[in-house]
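Scroll down for the structure; my scribbles are underneath it.
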Amino acid sequence: MKEYTYTEKKDTRSGFGAGLAELGRTNPNVVALCADLTPSLKMGEFIKENPERFFQVGIAEANMMGMAAGMTIGGKIPFAGTFANFATGRVYDQIRQSIAYSGKNVKICASHAGLTLGEDGATHQILEDIGLMKMLPGMVVINPCDYNQTKAATIAIAEHNGPVYLRFGRPSVPIFTPADQKFEIGKAIQLQEGSDVTIIATGHLVWEALEAAKTLNDKGISADVINIHTIKPLDEEAIINSVKKTGCVVTAEEHNILGGLGESVARTLATNLPAPQEFIGTKDTFGESGTPAQLMEKYELNAEAIVKASEKVISRK
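If you're matching positions, the sequence shown starts at 0 in numbering that gives the first Met the number 0 and goes up one per residue.
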């Protein structure tokens, strides 16, 4: 079994900030917009180095999306940043009409996603954003797992021609992927080889999946662990090949199980390789105020829950 360790924890939003700053130095067409949250999205370095390529729109997210769509007509590559709740739910009509329907090359950069936003509570903890975005035709949906992968994803999406939704968060999480990784949109990463159960995780739940795999290994259960950083387009081949070996799957995400990664995996299996599946995610509920750790435990979005789900799904084979 491959052992994963980490020496540092860091927030994924800082990975976005580092990637954006690097793009500012290497791609003159990249511009950035923000809705009055530049410190929270770690955009300071880009702004300092490229003040003429930054646009502070204030608390006017719908206007920001329209501006970003317009900038693409002149060949710019706009990175529009705000909290995930405001980047999707508040401006869904603008994204649908001006960006997705029009096929505009806008990068929607959404921080503070999911329960791990923490103390700000249910009004800010969006758990529906992946579903909202993946249903839009032509929209790429990316949810990286740590600082390094978020930085790599930020750089990679500038090369993709078309709308992208990039989701990241506020809490410090283990850095366990390589700093020099090549990020391939739509290409899953197999982190662990196993034969008894497939664990497919995204975002903050990838580290928890690796921790669960250790516990399962101690119990004599061999887990295949896959990092799905791109929810759309989904790497269906990787999913099918894994479940062919294991015969069952657990999906894990910091998102509502209705409309998220789990449902995309279920559709893939239903049409190609029906198999037992268990879902780790919030169960058709809003969040609440609390520390990220408290919320992840209460809503069962952790390694312990993944272990239990794995044992249950194996029993259903």
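Each residue gets a CB set at the ideal place from its N, CA and C atoms; glycine is no exception.
In this text, all values refer to a predicted model and were calculated from it rather than measured experimentally.
Are the CB atoms of residue i and residue j nearer to each other than 7 angstroms?
i	j	result
E318	N301	The requested residue 318 does not occur in the structure, where the chain is confined to residues 0 to 316.
I107	G18	no
K103	T71	yes
N28	G74	yes
A67	L32	yes
S309	V249	yes
T197	T245	yes
G65	S97	yes
N294	Y3	According to the sequence shown, residue 294 is Leu rather than Asn. In this structure, Y3 does not lie closer than 7 angstroms to L294 by Cβ.
G280	I256	yes
Could you pull out every residue in the same chain whose Cβ sits closer than 8 angstroms to the Cβ of residue i, ignoring the five residues on either side in sequence?
i	result
E118	S288, G289, T290
I141	A152, I156, V163, Y164, L165, R166, I184, H228, T229, I230
Y91	L131
T122	N84
G16	L40, K41, M42, G43, E44, F45
L233	G185, I227, S263, V264, T267
G88	I125, E127, D128, L131
N62	V56
K8	S171, V172, P173, I174
I'd like the span of the alpha helix (DSSP H) that includes residue i, first residue to last.
i	result
S241	235-245
I348	The structure shown has nothing for residue 348, since the chain only spans 0 to 316.
Q293	291-297
I129	128-133
I184	First-last for I184: undefined, no H or E at that position.
G43	43-48
Quick check on the burial criterion: 16 or more other C-beta atoms within 10 angstroms. Buried or exposed for residue i?
i	result
D145	buried
Y5	exposed
A77	The amino acid occupying residue 77 in the given sequence is Pro; Ala does not appear at that position. Buried is the call here.
T270	exposed
N26	exposed
Q368	This structure leaves residue 368 out entirely; the chain is present only between 0 and 316.
S110	buried
I58	exposed
Q189	exposed
D223	buried
E192	exposed
A86	buried
M134	exposed
R12	buried
M0	exposed
Y298	buried
Q276	buried
D217	exposed
A274	buried
N160	exposed
For the beta strand (DSSP E) containing residue i, name the first residue and the last one.
i	result
N166	The question names Asn, but residue 166 in the sequence shown is Arg. 163-166 is the span of the beta strand (DSSP E), which, as asked, contains R166.
N62	N62 -> not in any beta strand (DSSP E); alpha helix (DSSP H) instead, spanning 60-72.
A211	Taken as a continuous stretch (DSSP letters only), A211 belongs to no beta strand (DSSP E), being part of the alpha helix (DSSP H) at 204-217.
E262	Here E262 belongs to no beta strand (DSSP E); instead the alpha helix (DSSP H) covers 260-271.
S231	Looking at the sequence itself, residue 231 is Lys, so the reference to Ser does not match. It spans 229-231 - the beta strand (DSSP E) in which K231 sits, taken as one unbroken run.
I141	139-141
I188	188-191
Name the DSSP beta bridge partners of residue i, please?
i	result
G80	C33, C108
S171	D10
E330	In the structure displayed, the chain extends from 0 to 316; residue 330 sits before or after that span and is not available.
D223	T197
N255	T281
F54	L32
Q276	V248
Could you name the residues of the same chain whose beta carbon sits closer than 6 angstroms to that of residue i, not counting the 5 residues immediately before and after it, in chain order?
i	result
P143	T149, A152, H228
T405	Residue 405 lies beyond the stretch modelled for the chain, which goes from 0 to 316, so this question has no answer here.
G258	G130
H254	L126, I129, G280
R52	V30
Using a Cβ-Cβ cutoff of less than 7 angstroms, which residues in the same chain neighbour residue i once the five nearest sequence positions on both sides are dropped?
i	result
L272	I239, V242, K243
Does the beta carbon of residue i sit closer than 7 angstroms to a beta carbon anywhere in chain B?
i	result
L260	Any reference to chain B falls outside this structure, which holds one protein chain only.
Less than 6 angstroms separating the Cβ of residue i from some heavy atom of the ligand ZN?
i	result
I125	For the ligand ZN, the structure offers nothing, since it holds no ligand at all.
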